[in-house]
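Okay, so the sequence shown: first residue is 266 according to the working numbering, each after it adds one. Everything below concerns the one structure shown next.
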Amino acid sequence: MKVLSGGFQGISRCMAHLRSGGILAIPTETVYGLAAIATQPEAVSKIFAAKERPSFDPLIVHIPQGWGFLKKLDELGITDSSVLGLEARTSAEKLMRRFWPGPLTLVLPRGAKIPDLVTSGLSTVGIRMPRHTLAQDLLKHLQEPLAAPSANRFGRISPTSSSAVIAELGDRVPIVLEGGPCEVGLESTIVHIAPDGSARLLRPGGLAREKIEAELGRALLAPEARQLSTAELAPGMLASHYAPRKRLVLFSRHTLDPSHLAVASRGVMWLSPPPDSRMPGVVLSESGSLEEMARVLFATLRKLDNEPAISEIWAEAPSSDQGLGAAIHDRLRRASAPKALEPSQG
Ligand code: TXA
Ligand code: MG
Numbered sequence: 266m267k268v269l270s271g272g273f274q275g276i277s278r279c280m281a282h283l284r285s286g287g288i289l290a291i292p293t294e295t296v297y298g299l300a301a302i303a304t305q306p307e308a309v310s311k312i313f314a315a316k317e318r319p320s321f322d323p324l325i326v327h328i329p330q331g332w333g334f335l336k337k338l339d340e341l342g343i344t345d346s347s348v349l350g351l352e353a354r355t356s357a358e359k360l361m362r363r364f365w366p367g368p369l370t371l372v373l374p375r376g377a378k379i380p381d382l383v384t385s386g387l388s389t390v391g392i393r394m395p396r397h398t399l400a401q402d403l404l405k406h407l408q409e410p411l412a413a414p415s416a417n418r419f420g421r422i423s424p425t426s427s428s429a430v431i432a433e434l435g436d437r438v439p440i441v442l443e444g445g446p447c448e449v450g451l452e453s454t455i456v457h458i459a460p461d462g463s464a465r466l467l468r469p470g471g472l473a474r475e476k477i478e479a480e481l482g483r484a485l486l487a488p489e490a491r492q493l494s495t496a497e498l499a500p501g502m503l504a505s506h507y508a509p510r511k512r513l514v515l516f517s518r519h520t521l522d523p524s525h526l527a528v529a530s531r532g533v534m535w536l537s538p539p540p541d542s543r544m545p546g547v548v549l550s551e552s553g554s555l556e557e558m559a560r561v562l563f564a565t566l567r568k569l570d571n572e573p574a575i576s577e578i579w580a581e582a583p584s585s586d587q588g589l590g591a592a593i594h595d596r597l598r599r600a601s602a603p604k605a606l607e608p609s610q611g
C-alpha cells in the first residue's frame, strides 16, 4: 500500500485513481474510510471484496461541502426527497445546516444515481459530509460522491490512523491518503429521517444525540432491531462488531473486585483514572473528557490486541450514557459480544 500525502500531487493522483475505477483509503474526522466513486458499481464492489464485507451491509455516501441541501442532492440523483413530507424535509435540512460538515450520517430516500450495491437494495441511502480537510479537498476537486465504509476488515475495529489501515487491509488497497490521527475517533452518528418526519437514531456515534435532539426540539426514536429485516440491520446493530481478536471483558469501576485486575495476562483499560492510583492499566483520559476517550479508544484497543503478553482485555464501561458515553459504551459492548453474527437485542 502506498501512503500519499495531501497537496496538489497527492490529491491529483487519488482523483485519477478513483476516476479509473480504483479504491483507496481516505482520512475522515471519525475514522479512515475505504472509498470508491459511489456511482461506479464495479469500483464499489472492490470495497466489499477488500473488506470481506457481506453485501447486505450498505455503505455511506460522502459528499463535498456545498451539496448539503435536499434540492442539490435531488438534482444529483443522490436523494429523492419527493417522498418526504414537510416536517421531514425541514428536519433533514436543519440537521444538515447545523452539523455538516461533521460526524453525522443522515439516512434519506435514495435517488436514481445511487446503485443497488451501495444501499444493499434499500430504498434509502446514508449520506455524510466529512469535515476532515483532506477528505474535503478530494471531494471538492472530484465533485463526485464517494461511497466509503470504515477501512477495516468486516467486524473489526475501525482504523483511526493510516498505520491501522495498513494493518487491516495491507496490499488489498493500493493507496492510503495520509491525514494523521482521526480527531473524533468514533464512527458517525446515524439518524434515519422517515417521510412522516420522525427521526430515529440508528447508531450512536461521534455526534452526541443530545445535540441532535436540541436542534430538532424533540427526542430521537430508539433503534428498533426487531422490526428490521437482516438487510436493514446496520452493522452497528450486529452484536459482534468493532471487535478485537482477544476476548474483551467489560467492567464497572463501582462493582469491580480489584483482584481481577492483578492477573498479568489481563490488559486493563480505564476510561478515566482508576479509584486507586496503584491499580494497573492504561488510562484513556486523565481529565475524564469523553471526547479524549473517544479519540484514543480504538487505537488503544488495537494496541492491547497486538500486545503479545496480554491474552484478555479488561475495559472499563462508561458510568453514564450521556454525550459520547453512549457511543463509547455501544462500541465496547459490541467488542465484548461473542463473535457470532447475530442481531443484538437492542
Ligand atoms: O464515520 C463513519 O460513518 C465512517 C466514515 C468512514 O465515514 N463510516 C462508517 O461506515 O462507519 P461503515 O460502513 O463502517 O458503517 C456504515 C453504517 C453501517 O452500519 C450501515 O449499515 C449504515 O451505515 N447504513 C448505510 N446506509 C444505510 C441505510 N440506507 N439504512 C440504514 N443504515 C445504513
Ligand atoms: Mg464499519
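The C-beta atom is built at its ideal place from N, Cα and C for all residues, glycine as well.
DSSP places Pro306 inside the alpha helix (DSSP H), whose first and last residues are 306–316. Using a Cβ distance threshold of 8 Å, Ile312 and Pro414 count as a contacting pair. Taking 4 residues as the minimum length, the alpha helix (DSSP H) runs contained wholly in the region 314–345 are 335–340, in order along the chain. Following the DSSP letters along the chain, one finds Arg465 inside the beta strand (DSSP E) bounded by residues 464–468. Leu382 sits in a helix when the DSSP states are folded into three classes.
In the DSSP assignment, the residues bridged to Thr454 are Leu369.
From the listed residues Ile343, Phe516, Leu349, Gly420, the smallest Cα separation to Thr384 is found for Ile343.
The three-state secondary structure of Thr565, taken from DSSP, is helix.
Judged by the Cβ position, Gly420 fails to qualify as a neighbour of the ligand TXA at the 7 Å threshold, every heavy atom of the ligand being at least this far.
In this structure Ser576 is in contact with Ser530, their Cβ atoms being roughly 4 Å apart against a cut-off of 8 Å.
In this structure, the alpha-carbon of Trp332 lies about 6 Å from that of Leu338. A distance criterion of 7 Å places the beta-carbon of Asn417 in contact range of the ligand MG, judged by its closest non-hydrogen atom. Beta-bridge pairing by DSSP links Lys267 to Ile440.
DSSP links Arg375 through a beta bridge to Thr344. Annotation for Glu577: the continuous beta strand (DSSP E) segment containing it runs 577–581. For Ile392, no alpha helix (DSSP H) encloses it; the enclosing beta strand (DSSP E) starts and ends at 389–393.
Per DSSP, reduced to three states, the secondary structure at Ser554 is coil, with no helix or strand assignment. Looking at Ala473, Leu486, Thr398, the one whose alpha-carbon comes closest to that of Ala592 is Ala473. Taking the Cβ of Arg596 as the reference point, every heavy atom of the ligand TXA lies at 7 Å or farther away.
With a cut-off of 7 Å, the C-beta of Glu452 is classified as near the ligand MG, since at least one heavy atom of the ligand falls inside that distance. Around Ala564, the same chain offers Thr425, Ser426, Ala429, Pro446, Gly450 as residues with beta carbons nearer than 8 Å, after the five sequence neighbours per side are excluded. Under the Cβ criterion (8 Å, minimum of three pairs), the region 513–520 does not count as touching the region 545–564. If you draw a straight line from the Cα of Arg421 to the Cα of His506, it is about 6 Å long.
In this structure, the ligand MG has no non-hydrogen atom nearer than 7 Å to the beta-carbon of Pro368. Its chain contains Val372, Arg465, Leu467 as the residues whose beta carbon lies nearer than 6 Å to that of His457, once the 5 sequence neighbours on both sides are disregarded; these appear in chain order.
Secondary structure at Ile422: coil, using DSSP grouped into helix, strand and coil. Not one heavy atom of the ligand TXA lies closer than 7 Å to the C-beta of Arg510. For the ligand MG, no non-hydrogen atom lies closer than 7 Å to the CB of Pro292.
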